[in-house]
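Heads up, the thing below is written out as structure tokens.
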Amino acid sequence: MNVKSLKDLIDICEKTGETLHKVIMDWEMLDTGYSNDYIIEKTSKLLSVMEEEYASKKGKEFKTLIGLTGSNGKKMLEYLPKAYVGENVFKAATIAVTMSESNASMGRIVACPTAGSSGVMPGVLLTLEESGIERDKLVLALIVAGGIGKIISMRASLSGAEAGCQAEIGSATAMAAGGAVYAMGGSPQAVSHAAALSLKSLMGLVCDPVGGFVEVPCVKRNAAGATLALLFADIAMAGVESVIPFDEVVDAMMAVGRSMPEALRETGKGGIAISPTARRIMKNLKDKLSIPEDN
Amino acid sequence: MVSILDIIGPSMIGPSSSHTLGAMRIAKFAYNLFGTPPDSVSFYLHGSFKETYIGHGTKLALIAGICGMETDDPNVAKADKIADELGIKYEFRGIDLGDVHPNTVKIVIKKSNSFHEVIGSSIGAGRVKIISIDSIVCSVSGDFPTLVIENEDVPGALESIIRIISTNGINIAQVNLNRLSKGSKIASMVIELDDELPSFVLESLKMLNVVRFATYVKPI
Ligand code: SF4
Chain A
1 MNVKSLKDLI
11 DICEKTGETL
21 HKVIMDWEML
31 DTGYSNDYII
41 EKTSKLLSVM
51 EEEYASKKGK
61 EFKTLIGLTG
71 SNGKKMLEYL
81 PKAYVGENVF
91 KAATIAVTMS
101 ESNASMGRIV
111 ACPTAGSSGV
121 MPGVLLTLEE
131 SGIERDKLVL
141 ALIVAGGIGK
151 IISMRASLSG
161 AEAGCQAEIG
171 SATAMAAGGA
181 VYAMGGSPQA
191 VSHAAALSLK
201 SLMGLVCDPV
211 GGFVEVPCVK
221 RNAAGATLAL
231 LFADIAMAGV
241 ESVIPFDEVV
251 DAMMAVGRSM
261 PEALRETGKG
271 GIAISPTARR
281 IMKNLKDKLS
291 IPEDN
Chain B
296 MVSILDIIGP
306 SMIGPSSSHT
316 LGAMRIAKFA
326 YNLFGTPPDS
336 VSFYLHGSFK
346 ETYIGHGTKL
356 ALIAGICGME
366 TDDPNVAKAD
376 KIADELGIKY
386 EFRGIDLGDV
396 HPNTVKIVIK
406 KSNSFHEVIG
416 SSIGAGRVKI
426 ISIDSIVCSV
436 SGDFPTLVIE
446 NEDVPGALES
456 IIRIISTNGI
466 NIAQVNLNRL
476 SKGSKIASMV
486 IELDDELPSF
496 VLESLKMLNV
506 VRFATYVKPI
């Protein structure tokens with residue numbers, strides 16, 4: 001089983017009639033020696049952490065490390081009944097923002113695939129769960145998301161420092177969109193289209209955190225990721241296909257990442273991080289953040 | 296090969312895998328040298344760690360590690376108070392350690408009359424590389440049980456040490472050898488093991504004439 005692409009995994013499904021999550025778990029067994037049961041148990045634990053953390057953080061205000069965010073999840077939860085975009089979409093965004101604010105205040109998170117993008121997957125999975133999709137299906141969806149993420153990590157990168165935010169929020173969104181399609185009962189092909197469509201729509205996104213810290217714009221980008229993932233899951237379930245196959249989108253994303261200047265890769269030296277307001281904020285914070293030199 | 300569990304996880308304390316999780320794991324490795332909380336600790340922060348000290352919680356993560364906390368313990372954000380309760384005195388300083396990874400910290404821990412020093416780098420995704428233990432240069436991940444030995448540099452010393460480990464059925468994953476200086480009669484080695492080291496094996500190693508001291512460090 002020499003898997004190099006999402007297409008390889010889908011081809012195996014089509015040849016053998018196996019389900020996508022099972023093919024991914026067998027691939028995992030060959031790579032790491034982990035049994036299918038072990039993968040399911042550990043994945044279920046990761047989902048539990050998302051569930052427990054959101055249950056305990058829902059509607060809370062946070063004191064984040066830098067203090068540039070912290071009460072947005074609470075505001076959004078209060079507004080939820082009025083949301084024009086509809087309950088599910090707004091709920092996914094609310095959960096994503098809450099979990100991200102928790103991350104910025106040293107809360108417990110699941111780095112899926114990174115800490116900065118850790119709001120996207122719970123935003124999607126917990127919304128699906130609240131709307132009545134069984135938990136077992138969500139565990140399998142998370143395994144499928146892991147397969148998608150692993151393909152991205154092999155062909156490209158999941159790191160904002162290497163390839164910009166497209167590799168973090170973009171990858172998280174592709175993983176969540178594919179996982180959502182799987183939970184909704186979509187085919188492996190539809191999983192791949194949802195992942196490709198979402199990654200394409202975030203292609204080129206730069207990593208420009210103010211001061212280099214995971215608060216602005218990261219927290220609200222998690223909301224964008226979670227809502228886009230649900231949107232493209234639905235679009236793929238409607239039968240819409242991505243003209244460019246997922247694996248080629250991943251390769252293109254990496255090529256774009258390589259051509260990004262360092263200022264736009266997590267250094268805090270480009271994008272909104274050097275806007276006049278960001279500079280002013282960081283100037284005011286400077287003393288609070290510094291450490292005594294050795295002498 | 297990377298596992299999907301490392302892609303969809305781990306569960307950790309935010310906000311940064313290299314500046315929070317990795318920092319905490321280096322401090323946890325230092326904690327494991329005594330296996331109990333030290334009386335005092337000095338952290339010397341190099342490179343990016345100086346900048347992420349507050350903003351990415353590097354400071355609290357290091358304190359949490361030295362208190363022996365688990366890497367996803369929700370109380371990491373209160374680690375300074377926990378250290379106070381445990382009676383651990385801590386201080387932070389900036390330092391320039393030269394040509395090392397940007398996320399590097401030197402940790403000195405003291406307990407009664409003994410002390411240990413660890414230098415470690417956080418190399419991404421929560422992975423760490425310990426590059427020095429008690430001034431012995433090495434390159435260990437902290438994922439394996441680790442044995443640190445200083446010995447007389449005489450023929451047969453290495454064999455007698457390895458023999459005790461392997462006759463007790465423990466597999467050796469990797470050995471780093473060092474001679475403290477050319478012409479000096481003291482050498483050192485850092486050995487990564489596949490299995491935990493029972494205390495009687497450590498005691499038999501300490502009883503060897505060629506062994507000056509031996510310390511065992513549990514995996515992080
Ligand atoms: S802007 Fe950078 S630090 Fe923030 S979420 Fe995106 S990749 Fe992560």
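As you go down the protein sequences, you meet chains A and B in turn. Numbering (this note's numbering) for the first sequence: 1 to 295. Numbering (this note's numbering) for the second sequence: 296 to 515. Cβ atoms here follow ideal geometry from the backbone N, Cα and C, with glycine treated the same way.
Run of the beta strand (DSSP E) containing residue i, from where it starts to where it stops
i: S416 of chain B; result: S409 to G419
i: A509 of chain B; result: V506 to V512
i: S385 of chain B; result: A small correction: the amino acid at residue 385 of chain B is Tyr; Ser does not occupy that position in the sequence shown. Residues K384 to G389.
i: I302 of chain B; result: First-last for I302 of chain B: I299 to I302, but that is the alpha helix (DSSP H), not the beta strand (DSSP E).
i: M364 of chain B; result: Premise fails: M364 of chain B is in no beta strand (DSSP E) and is neither H nor E.
Segment limits, alpha helix (DSSP H) that includes residue i
i: T347 of chain B; result: S343 to T347
i: T227 of chain A; result: C218 to M237
i: A278 of chain A; result: P276 to L289
i: V315 of chain A; result: Since the displayed chain A opens at 1 and closes at 295, residue 315 of chain A lies outside it and no answer follows.
i: D22 of chain A; result: Note on identity: in this sequence residue 22 of chain A is Lys, with Asp being the wrong assignment. It spans L20 to T32 - the alpha helix (DSSP H) in which K22 of chain A sits, taken as one unbroken run.
i: N446 of chain B; result: First-last for N446 of chain B: T441 to E447, but that is the beta strand (DSSP E), not the alpha helix (DSSP H).
i: I425 of chain B; result: Segment R422 to I428 is the beta strand (DSSP E) holding I425 of chain B; no alpha helix (DSSP H) there.
i: I321 of chain B; result: G317 to F329
i: I169 of chain A; result: I169 to A183
i: G123 of chain A; result: V120 to E130
Buried versus exposed, by CB contacts within 10 Å (16 or more), residue i
i: D37 of chain A; result: exposed
i: R367 of chain A; result: Only positions 1 to 295 of chain A appear in the structure, and residue 367 of chain A is not among them; the question remains open.
i: L472 of chain B; result: exposed
i: M1 of chain A; result: exposed
i: V181 of chain A; result: buried
i: F508 of chain B; result: exposed
i: S131 of chain A; result: exposed
i: M121 of chain A; result: buried
i: Y79 of chain A; result: exposed
i: R108 of chain A; result: buried
i: Y84 of chain A; result: exposed
i: F495 of chain B; result: exposed
i: G59 of chain A; result: exposed
i: A55 of chain A; result: exposed
i: K384 of chain B; result: exposed
i: N295 of chain A; result: For N295 of chain A, the predicted structure reports a pLDDT of 49, less than 50, and the residue's modelled location is therefore unreliable. A value from the coordinates is still provided. Looking at its Cβ environment, which holds fewer than 16 other Cβ atoms inside 10 Å, N295 of chain A is exposed.
i: A255 of chain A; result: exposed
i: T353 of chain B; result: buried
i: A238 of chain A; result: exposed
i: N284 of chain A; result: exposed
DSSP state of residue i mapped onto helix, strand, coil
i: N88 of chain A; result: helix
i: L340 of chain B; result: strand
i: L158 of chain A; result: coil
i: N295 of chain A; result: With a pLDDT of 49 at N295 of chain A, under the threshold of 50, the modelled position of this residue cannot be trusted, and the question is left open.
i: K354 of chain B; result: helix
i: N466 of chain B; result: coil
i: N2 of chain A; result: coil
i: S483 of chain B; result: strand
i: T399 of chain B; result: strand
i: S100 of chain A; result: helix
i: C112 of chain A; result: coil
i: K63 of chain A; result: coil
i: L472 of chain B; result: strand
i: V373 of chain B; result: According to the sequence provided, residue 373 of chain B is Lys. The question's Val does not apply to it. K373 of chain B: helix per DSSP, three-state reduction.
i: S436 of chain B; result: coil
i: K58 of chain A; result: coil
i: M307 of chain B; result: strand
i: S71 of chain A; result: coil
i: K200 of chain A; result: helix
Residue i beta carbon near ligand 3 (any heavy atom closer than 6 Å)
i: C207 of chain A; result: This structure lacks ligand 3; its bound ligands are ligand 1.
Fill in: Contact residues within the segment 92-124 of chain A, judged by C-beta distance below 8 Å to chain B
S102, N103, A104, S105, M106, G107, R108, I109, V110, A111, C112, P113, T114, A115, G116, S118 and M121
Fill in: Chain-ordered residues of the segment 297-309 of chain B with a beta carbon less than 8 Å from chain A
V297, S298, I299, L300, I302, I303, G304, P305, S306, M307, I308 and G309
Fill in: chain B contacts made by the segment 18-41 of chain A, where a contact means CB separation under 8 Å
I24, E28, D31, T32, Y34 and I39
Item to complete: With 9 Å as the C-beta to C-beta threshold (strictly closer), list the residues of the segment 329-358 of chain B near chain A in chain order.
Response: Y339, L340, S343, F344, K345, E346, T347, Y348, I349, G350, H351, G352, K354, L355 and A356
Discussion item. Give me the subset of the segment 379-397 of chain B whose CB atoms are less than 8 Å from a CB atom of chain A, sorted by chain position.
Written reply: F387, R388, G389, I390 and D391
Discussion item. Taking beta-carbon pairs under 7 Å, can you tell me which members of the segment 169-197 of chain A lie near chain B?
Written reply: none
Practice prompt. Report the residues of the segment 42-58 of chain A with a CB closer than 8 Å to any CB of chain B, ordered along the chain.
Written response: K42, T43, K45, L46 and V49
Practice prompt. Check each residue of the segment 203-215 of chain A: if its Cβ is closer than 9 Å to any Cβ of chain E, include it; give the result in chain order.
Written response: No chain E is present in this structure, whose protein chains are A and B.
Worksheet entry | Contact list for the segment 136-151 of chain A against chain B, Cβ threshold 8 Å | L142, I143, A145, G146, G147, G149 and K150
Discussion item. Which residues of the segment 479-501 of chain B have a Cβ closer than 7 Å to any Cβ of chain A? Give them in chain order.
Written reply: none
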